[in-house]
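Notes for the one structure printed next.
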Amino acid sequence: MARNAVQLQKGLSEAEFDRLYGTEEQCRAVVIKLRWREGFSCPVCGGTSYSEIKTRDLFQCSTCRRQTSPIAGTIFASTKLPLRTWFRAMYHLTQSKQGISSIELGRRLGVRQTTAWMLKHKLQQAMMERDGRKRLKGRVEIDDAVLGGERSGGKRGRGAPGKTPFVAAVETTDDGKPAQLKLHRVAGFTGQAISRFAMNSLDPSCTVVSDGLACFHRVTDAGCQHQAILTGSGPAAVRNPVFKWVNTALGNIKSAITGTYRAISTKHVPRYLAEFEYRFNRRYDLASMIPRLGYAIVKAPPMPYRLLKLAETYG
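Each residue of the sequence shown is one higher than the one before, counting from 1 in full-length UniProt numbering.
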């Protein structure tokens, strides 16, 4: 059997992580470089000449005298945690295929569970915003799925209480390999919800392959071609080779969520799905995920803890 190059890649070892991001000064230098790739630029006047106020960790523009923190206007803004703690949290989120719970993350970082939860969700938010506007192209396998267990004595199936519906779509290459993944929570498996998903997530050039669920026909609203294949139900439908990659992705995601988290609050499902999507789409180079996520973080606007707790959006 051929060796799986993705699974057997070196990734980023803990020793190498410590060499690159082991001190506060190293992490600060990375943030500055990611934020101002061409050198400092004043957010007010655009000036490039500056002086550093090292006692307060600020840059002062020589033209307008505006003082700017390297972390102002980013997810790091107003943090009381060292940047090296944030970078270690980034390491655990990007290098673990199965994800990591906030309890376990708190133990590894030496912080409270609530602090670890906040760190994790802010990083997930940056992942979600980074990939939110990207669209799948070419041949796309699509399927419906739900998160959450069956309640005793309750209704069964897609509309059962306590279950969160979402759509999974996988772009495949010409030689039949998975390229990009999209995971999106929906209000329900309706034509309107699928039409909205297609408009936001699929390029009009797509050829979408789905099972016989009627709502998937609405991908044509986005200009996509649609091919429906009746698969029936049960294990045989899951093993259908036409939907190999979307079923594989769903199986891995559900196993990881069950094993790592047990249960996820419905209102936070989009961020957990975004975390799996982000890792999948960058799985060919695990070592580069930290600087790539760092770039997403310095470009994402701040999100206060209270908004993380309240966030609930259906795309």
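Note that CB positions come from ideal geometry on N, CA and C, so glycine has one too. Only a predicted model underlies this, so the values are computations on that prediction, with no experimental measurement involved.
- Per DSSP, the unbroken alpha helix (DSSP H) holding Tyr272 starts and ends at Val269 to Asn281.
- For the stretch 66 to 116, the full-length alpha helix (DSSP H) segments reaching 4 residues or more read 83 to 95 and 102 to 109 along the chain.
- About 15 angstroms separates the CB atoms of Val246 and His226; that is not less than 8 angstroms, and the two are not in contact.
- Here DSSP, grouped into helix, strand and coil, assigns Pro165 to strand.
- Between the alpha carbons of His92 and Arg37 lies a distance of about 25 angstroms.
- Proximity of the stretch 107 to 123 to the stretch 187 to 201 falls short of the contact definition, fewer than three beta-carbon pairs being nearer than 8 angstroms.
- If you draw a 10 Å sphere on the C-beta of Cys27, you find 16 or more other C-beta atoms in it, and that means buried.
- With respect to Gly294, Val30 sits close: the two C-beta atoms are nearer than 8 angstroms.
- Nearest neighbour of Ala198 by Cα position, chosen from Arg84, Thr94, Ala169 and Leu213, turns out to be Ala169.
- Where Pro291 is concerned, the enclosing alpha helix (DSSP H) starts and stops at Met289 to Lys299.
- For Asp175, the closest alpha carbon among the candidates Phe166, Gly138 and Ser195 is that of Gly138.
- Distances from the alpha-carbon of Gln95 to those of Thr258, Ile194, Ser288 and Arg107 put Ser288 closest.
- Gln98 and Lys10 have their C-alpha atoms spaced approximately 17 angstroms apart.
- Of the residues Trp86, Ala145, Gly162 and Leu213, the one whose Cα lies closest to the Cα of Lys182 is Ala145.
- Shown here, Glu38 sits in coil according to DSSP, grouped into three states, outside any helix or strand.
- By the neighbour-count criterion, in which a residue is buried when 16 or more other Cβ atoms sit within 10 angstroms of its Cβ, Arg107 is exposed.
- If the five residues before and after Arg112 are omitted, its C-beta is found closer than 7 angstroms to the C-beta atoms of Gly106, all from its own chain and listed in chain order.
- Here DSSP, grouped into helix, strand and coil, assigns Lys182 to strand.
- For the pair Asp143 and Leu273, the CB atoms are not nearer than the 8 angstroms cut-off.
- DSSP, reduced to helix, strand and coil, places Phe189 outside both helices and strands of the structure shown, so it counts as coil.
- Per DSSP, Val208 is one residue of the beta strand (DSSP E) stretching across Thr207 to Ser210.
- In terms of CA proximity to Arg133, Arg196 leads the group Cys224, Arg196, Thr68 and Met303.
- For Tyr50, the three-state secondary structure derived from DSSP is strand.
- C-alpha of Ala89 to C-alpha of Leu109: approximately 7 angstroms in a straight line.
- Thr258 has its alpha-carbon roughly 10 angstroms from the corresponding atom of Asn252.
- Arg283 places its beta carbon 8 angstroms or farther from that of Met128.
- By the neighbour-count criterion, in which 16 or more other beta carbons inside 10 Å mark a residue as buried, Leu230 falls on the exposed side.
- Taking the Cα positions, Gly223 is about 20 angstroms away from Gln180.
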